[in-house]
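What follows is one structure encoded as structure tokens, with my remarks underneath.
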RNA sequence: GCCGGGAUGGCGGAAUUGGUAGACGCGCUGGACUCAAAAUCCAGUGUCUGUGAGGAUGUGAGGGUUCGAGUCCCUCUCCCGGCACCA
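Residue numbers (the working numbering): 237 to 1094.
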């Protein structure tokens, strides 16, 4: 046995052992229950970051823990390989996206393997390879024929200088990130998944997922946004014909308070009104400026302009003006809203700004409307009743909605309607590095899906990226083709798919990554699905997880996968954040400095008082602590830690630092502490191996066993709830307890160390593996059972109780375990501290919490 | 703006879910070992006050419920994530 802790040797030995034994190859032939443990696959950016280390360590801890608990574990890994950064890298370094991606994959795979993850690499999936995306294209054609995929126009960010479509991320303060030109909205044709058809199912499915965090389910529910309302029309006259302006509202009870109607700038009525109204046309143009991101739209100053068109209120017959406004979104409902300034905060603000009429139609307990400022109760639908609403006066919310909906229906002008906030999923991207959309445009036959036998449509990999439009659109050899239906000349679609499509079904492909006859091999998919544990960043709470759930339902409809939901249990990990440092450059521009190059000075209490750059010893400014990012240069490279301390230290630190679902602040100092613990563990192992020391006395042995099993009990509880930081702390407590013992030649040491090594092995598998073998516990710790608590060791006949007076701690009391309430009350009253505070008086009340405390109220 | 989270010593965090606030670790202070340093080991470490035993105070701010609140309720502040083309 090595005298010193040498992580490099230990780790390569352990990894070799797992390789040779093919320990992590997962097979379907097993009599154990299956456990499919999946971490969100990485985008191959080139280097592992701390978020990856955290994500994959969590997954590996759960995998190894379940393996020891007797499960047949499958933990796969792959690459979310298509995406925008590859095109950006191509622009910056003049490397084809494919070459860049493949070399990143090779580098990251090596890093992941160095972490010692128990991954079945035989199941590796790479989404940019035709053997993967051909099945995505296959599903696309199926869904296109079924009508689940359809085509319509939609708004994108347009850079008028670079003549290219920009991602929201590439729009900075309303300008293109490279050109600096003001971005415009532009309507282009795109393919959409009809996810709204599954809205009800996606919503209901959330109730079948007790293993998901409540916050994620709440976010998804709100995102789907089911609302019960009324869709109705304001009739108006157009060239002698009666037209209808449709709106949707969840507050039909306030219909009598409508004073205007607002439509989105893209609404057909706005377009029509702008003809012959240059000012309005100009305003609509102005609304088209800026990007399409909702956060920007919603924080914009609310602006509007009258159309000059009046419509008829369907109940009162009054004329109400129609306004165009930037606060109405074309994508939701009808792209038009009835405005009730008295009972909607946004309408109120708008009406105040433009001097529009405000008409109260609801009152809570007779309260009078005051149009000077917005009051909470204006929008109170629980307690309000209709006022100034003619025949509806006195009705409550539900009564008024029912009555008004019925009247509108009788007039043929509306009806109750369930509406979803969820929009159909647009998947066309005007980019190169993505999965080609398998459609051929034929002048005669229209949009023709590729026949199965012609799939895949292979993406050419040797291209030059210019930043202006997709290279595919400039490659006749790619787009010139013939129509599969009529055989005439036709043009291949040059848009690619949203990369969310690839990440929506990879979890299923892992079950049979080699399948050449379909998306998945049904038998193997049936064996492994659903995923038992999914682990990934909280930032994926809505989009990715919703799309993957949607895809599972689509694949289920194709008979490919079992069940309704893909992920039984979900663990959302918090982000890794780090301090930022900078210096002011010319013009106040901040030059960000990596934490690794900075020396932080602290005072004698350890408080940071300043920081200097190691290179020149001159001060730098300490910025905030933020999400690790390239732009703030505060990313910490995990490789440096693995190289210096080994993978076990890196894994232990990241697990010990915080519970997995919590945000984690990176701090190098803690790494040192984790390394120190593993060194201590190793040294203790060496000491036990050598044997010796004084004999352990029976009382000490009993107390130590009590301590170890108490800690184990808590640790097992924490493990079950995925609180790995306290599991690590439990391991430290056990080592502390063992080190306090005078000798090592004792059963309690053998037992304690065996518990400690097994408890630690999911977190620090290499050192645990080596010590387990070296100390003769067995050949492979992974084959050992998970340690269980010996309840006998936990038996005590006396316990400590806390004595409180008026809820404040005043003393302790050692009592027999089964002492009666009366005895305890008596003992408490007799306690010195209680006597002193009672000062001869009597206690008002004595509260006994069994096994915990006695509170004397005086 | 909307939706979802979070805030506990100098720092990361713990608290058996309403019952001893600060486990475990980092840092810091003092000591041992050493020619010295590193490493290691021992002791101390929320704040204020007191020579001391002790006392007071303390979980973002303010209020409330309770014998008892970090935990429950109300109001507020700040920070973080998402907002449909970053992944």
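Glycine included, every Cβ here is placed at the ideal spot set by N, Cα and C.
Legend entry - Beta-ladder partner(s) of residue 690, from DSSP: Answer by DSSP bridge pairing: none, since residue 690 is not bridged.
Inset, instruction - Have a look at residue 944 and residue 618 and give me their C-alpha separation to the nearest angstrom. - result: Near 56 angstroms, if we compare the C-alpha coordinates of residue 618 and residue 944.
Legend entry - Residue from 1068, 1038, 997 with nearest C-alpha to residue 352: Measuring from the Cα of residue 352, the nearest candidate turns out to be 997.
Inset, instruction - Return the CA-CA distance between residue 526 and residue 421, expressed in angstroms with no decimal places. - result: Whole-angstrom Cα-Cα distance: 7 angstroms.
Legend entry - Among 921, 706, 693, 431, the one whose alpha carbon lies nearest that of residue 661: Here the closest residue by C-alpha is 431.
Legend entry - Cut-off 7 angstroms between Cβ atoms - residues of its own chain near residue 402, not counting five sequence neighbours on either side: The residues are 393, 395, 412, 419.
Inset, instruction - Kindly give me the distance between the Cβ atoms of residue 1145 and residue 656, rounded to whole angstroms, as I take these residues to be in contact under 8 angstroms. - result: What is shown of the chain runs 237 to 1094, which leaves residue 1145 out entirely.
Legend entry - Where residue 596 falls, given that 16 or more other Cβ within 10 Å makes a residue buried: That one is buried.
Legend entry - Complete runs of the beta strand (DSSP E) confined to the segment 747-807 [at least 3 residues]: As far as the segment 747-807 is concerned, its whole beta strand (DSSP E) runs of at least 3 residues are 769-773.
Inset, instruction - For residue 914, count neighbouring C-beta atoms within 10 Å of its own C-beta (all shown protein chains included) and say buried if the count is 16 or more, exposed if not. - result: Residue environment: residue 914 is assigned as buried (16 or more neighbouring CB atoms within 10 Å of its CB, all protein chains considered).
Inset, instruction - Take residue 297 and list the residues in its own chain whose beta-carbon comes closer than 7 angstroms to its own, dropping the five residues that flank it on each side. - result: Counting only residues of its own chain and dropping the five nearest sequence neighbours on each side, residue 297 has a CB closer than 7 angstroms to the CB of 891, 960, 998, 999.
Legend entry - residue 630 versus residue 621 - alpha carbon distance: Each residue's alpha carbon lies about 5 angstroms from the other.
Inset, instruction - Run the CB neighbour count on residue 440, radius 10 Å, all protein chains shown included, and call it buried at 16 or more, exposed below. - result: By the Cβ-count criterion, residue 440 is exposed, with fewer than 16 other Cβ atoms from all chains shown falling within 10 Å of its own Cβ.
Inset, instruction - Reducing DSSP to helix, strand and coil, say where residue 260 ends up. - result: Per DSSP, reduced to three states, the secondary structure at residue 260 is coil, with no helix or strand assignment.
Legend entry - residue 734 to residue 377 span [Cα, whole Å]: The straight-line gap from Cα to Cα measures roughly 16 angstroms.
Legend entry - Whole-Å CB distance - residue 354 paired with residue 299, under 8 angstroms assumed: Going by Cβ atoms, the distance from residue 354 to residue 299 rounds to 5 angstroms, so yes, they are a contact pair.
Legend entry - Check whether residue 819 and residue 806 have beta carbons under 8 angstroms apart: No, Cβ-Cβ distance for residue 819 and residue 806 is not below 8 angstroms.
Legend entry - For residue 327 and residue 900, the rounded distance between their alpha carbons: One C-alpha to the other measures close to 34 angstroms.
Inset, instruction - Check whether the Cβ atoms of residue 560 and residue 533 lie closer than 8 angstroms to each other. - result: Not a contact, by the Cβ cut-off of 8 angstroms.
Inset, instruction - Tell me where the beta strand (DSSP E) around residue 654 begins and ends. - result: It spans 650-655 - the beta strand (DSSP E) in which residue 654 sits, taken as one unbroken run.
Inset, instruction - Pull up the distance between the alpha-carbon of residue 450 and that of residue 443, whole angstroms please. - result: Rounded to the nearest angstrom, the gap between the Cα atoms of residue 450 and residue 443 is 10 angstroms.
Legend entry - Runs of beta strand (DSSP E) wholly within the segment 996-1029 (minimum 3 residues, chain order): Those beta strand (DSSP E) runs which fall completely within the segment 996-1029 and span 3+ residues do not exist here.
Inset, instruction - Name the one or two DSSP bridge partners that residue 946 has. - result: Beta-bridge analysis with DSSP links residue 946 to no other residue.
Legend entry - Backbone secondary structure at residue 421 - three-state DSSP: Residue 421 carries a strand assignment under DSSP once its states are collapsed to helix, strand and coil.
Inset, instruction - Flag this pair as yes or no: are the beta carbons of residue 699 and residue 674 separated by less than 8 angstroms? - result: The answer is no: Cβ separation not under 8 angstroms.
Legend entry - Burial state of residue 728 (16 or more Cβ within 10 Å): With 16 or more other Cβ atoms within 10 Å, it is buried.
Legend entry - Inter-residue spacing [alpha-carbon to alpha-carbon] between residue 769 and residue 760: Linking residue 769 to residue 760 through their CA atoms gives a straight-line distance of about 18 angstroms.
Legend entry - Minimum C-alpha distance to residue 417 - residue among 425, 399, 429: Ranked by Cα distance from residue 417, the options 425, 399, 429 are led by 399.
Inset, instruction - Report the rounded CA-to-CA distance for residue 273 versus residue 958, giving the unit in angstroms. - result: Each residue's CA atom was taken as its position, placing residue 273 and residue 958 some 14 angstroms apart.
Legend entry - Simplified DSSP state of residue 236, which is helix, strand or coil: Nothing in the structure corresponds to residue 236, since the chain is present only between 237 and 1094.
Inset, instruction - Output the residue ranges of the alpha helix (DSSP H) runs that lie fully inside the segment 330-401 and measure 4 residues or longer, sorted by chain position. - result: Here the runs fully enclosed are 333-350, 366-382.
Legend entry - At least three beta-carbon pairs within less than 8 angstroms, the segment 258-273 to the segment 299-314: Contact annotation: the segment 258-273 touches the segment 299-314, with at least three C-beta pairs closer than 8 angstroms.
Inset, instruction - Please go through the same chain and pick out, in chain order, the residues whose beta-carbon is closer than 7 angstroms to the beta-carbon of residue 831, but skip the five residues on each side of it. - result: Around residue 831: 814, 815, 817, 870, 872.
Inset, instruction - Please state whether DSSP places residue 443 in a helix, a strand or coil. - result: Helix at residue 443.
Legend entry - Local conformation of residue 809 per DSSP, three classes: DSSP places residue 809 in strand when its eight states are reduced to three.
Inset, instruction - Could you tell me if residue 876 is buried or exposed, where buried requires 16 or more neighbouring beta carbons within 10 angstroms of its beta carbon? - result: Exposed: under 16 other Cβ atoms inside 10 Å.
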